[in-house]
Every structure is written in structure tokens, then in C-alpha cells.
Amino acid sequence: MSDRANYWNSVYGFKMSAMKETGPIKEADVDVIPSSAVVATRALVAEIDHGTTTPAALDFSSPFVVQATQDATIHALLGYFDVAFSCVQATPGPSREDLESAVYADGTVTPKALWKQPESSMGGFTTGPHGTPTHWKQTVFVLREPIVAAAGDELHGHFTCKKSTTNPRELDLEITYFHVPAAMKDQPELARQNAICQKYQLR
Numbered sequence: 053m054s055d056r057a058n059y060w061n062s063v064y065g066f067k068m069s070a071m072k073e074t075g076p077i078k079e080a081d082v083d084v085i086p087s088s089a090v091v092a093t094r095a096l097v098a099e100i101d102h103g104t105t106t107p108a109a110l111d112f113s114s115p116f117v118v119q120a121t122q123d124a125t126i127h128a129l130l131g132y133f134d135v136a137f138s139c140v141q142a143t144p145g146p147s148r149e150d151l152e153s154a155v156y157a158d159g160t161v162t163p164k165a166l167w168k169q170p171e172s173s174m175g176g177f178t179t180g181p182h183g184t185p186t187h188w189k190q191t192v193f194v195l196r197e198p199i200v201a202a203a204g205d206e207l208h209g210h211f212t213c214k215k216s217t218t219n220p221r222e223l224d225l226e227i228t229y230f231h232v233p234a235a236m237k238d239q240p241e242l243a244r245q246n247a248i249c250q251k252y253q254l255r
């Protein structure tokens with residue numbers, strides 16, 4: 053991930069850092085990222101019931117908090133989706149809390165909300181780095197400035213996703229984020245003044 057983020061700093065010996073704003077910083081990348089590169093917890097930013105959702109509801113904005121699980125330099129945020137199937141239409145879908153505490157095994161996802169249903173009505177998969185790679189891969193949001201974090205530090209932010217106004221097959225994404233050291237967890241608002249806002253396109 054470090055190589056991806058710093059690629060333009062030296063291209064065959066030439067400094068081309070000016071390209072960063074029109075390269076990975078502006079356009080979100082799609083790639084398979086190994087689970088060993090993940091150094092923080094995950095956060096759910098959207099829950100979509102395909103049986104009841106509307107086109108307008110696919111534009112969303114959501115706060116998030118992730119925590120560093122080890123001392124590391126964070127170069128990017130990853131986006132991916134999990135899918136849970138159920139043939140019991142009368143049964144509500146899994147809640148936000150259930151999805152956040154899902155149990156993963158061999159690339160599958162089993163939300164607790166579905167555990168009480170017959171096994172034949174359950175199913176699903178993940179496109180995350182902890183599961184079997186799929187053709188959807190993961191979305192990589194390279195950060196403008198890497199974040200040096202210690203285990204227990206948090207990254208607070210807001211994720212906004214909207215359909216592009218110029219191309220309905222593209223997404224306009226905005227991520228606002230700021231680093232909250234473990235010692236400042238009780239006063240995250242003090243770190244908010246250093247918030248960074250980045251805009252991405254997903255083609």
C-alpha cells in the first residue's frame with residue numbers, strides 16, 4: 053500500500069508528485085488487498101435492503117469510527133460490501149449491529165439476525181479482504197497524507213456516496229476524516245480541527 057501511495061514521488065527517478073491530485077487521490081482504485089495489510093477495525097456506513105430500497109436511498113451519508121489494531125502507517129481506507137440472503141420475506145433483514153458483529157468463515161458472512169432461521173434460508177458472502185477474493189475486489193481510497201497511528205488510536209470520519217450527475221454508472225464519493233490519538237478519545241472534538249476532506253470518483 054505504501055508503494056501505491058508514494059508511486060508518483062519517484063517514477064524512474066523523476067519526481068512527479070504533482071500527478072497525485074489527478075491520480076489515485078481523485079479516482080478511487082479497485083484492487084484485491086491482502087488481509088495482512090488491514091491494520092484497523094471495520095465500520096458499517098450503509099445498510100441496504102434490496103427488497104424495499106428506492107433509487108433515492110442509494111445516495112447516503114454516514115459517520116464512521118475505526119480503531120487501529122496495531123502500530124502502523126495508514127495509507128488508505130478500504131471499501132467493500134457484504135451480502136446476506138434470506139428467502140423468508142416476512143422476516144426483517146439484519147440490523148446495523150448484527151452486521152457489524154457478523155461472523156466470517158471461509159469468505160462467508162452469517163449475520164446473527166439470520167441465525168434463528170432455517171439453514172436453507174441463509175446464505176451470503178463478503179467482498180472484503182478477509183474473505184475469498186471476488187471480481188468486485190475492494191475499493192481503495194488513498195489518503196492525501198498517510199496517518200501514523202498507534203494501536204488504540206481512532207480515525208473518525210464521515211462517508212458520503214452519491215450517484216454522479218454526469219454519468220449514472222459512476223459514483224461521487226467524499227470522505228472527511230481526522231486522527232484521534234488514544235489519549236484524546238474522551239475529547240475527539242479537539243482533533244476535529246485537523247479534519248481532511250477528500251473527494252473521489254468511482255468509475
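Residue numbers (our numbering): 53 to 255.
Backbone N, C-alpha and C define an ideal beta-carbon position, used for all residues, glycine too.
Query	Result
Presumed contact (8 Å Cβ cut-off) between S114 and F211, rounded CB distance	5 Å
Pairwise C-alpha distance: Q250 and T186	27 Å
Whole-angstrom C-beta distance between E226 and V117, which should lie under 8 Å	17 Å between Cβ atoms; not a contact.
Residue span of the beta strand (DSSP E) that contains K215, given as start and end	E206 to K215
Cβ shell of E171 (< 8 Å), same chain only, five flanking positions each side left out	Low confidence applies to E171: its pLDDT is 49, below 50, so where it sits in the model is not reliable, and the reading given next is rough at best. If we look at E171 and ignore the five residues flanking it on each side, it has no Cβ neighbours.
For P240, the three-state DSSP class (helix, strand or coil)	helix
Distance CB(F230)-CB(G131) smaller than 8 Å	no
Alpha-carbon spacing of W167 relative to S62, whole angstroms	In this prediction, W167 scores a pLDDT of 44, lower than 50, which makes its location untrustworthy; no coordinate-derived value is stated.
Given P107 as reference, the closest of G204, D83, V135 and P220 once Cα atoms are compared	P220
A235, DSSP secondary structure in three states	helix
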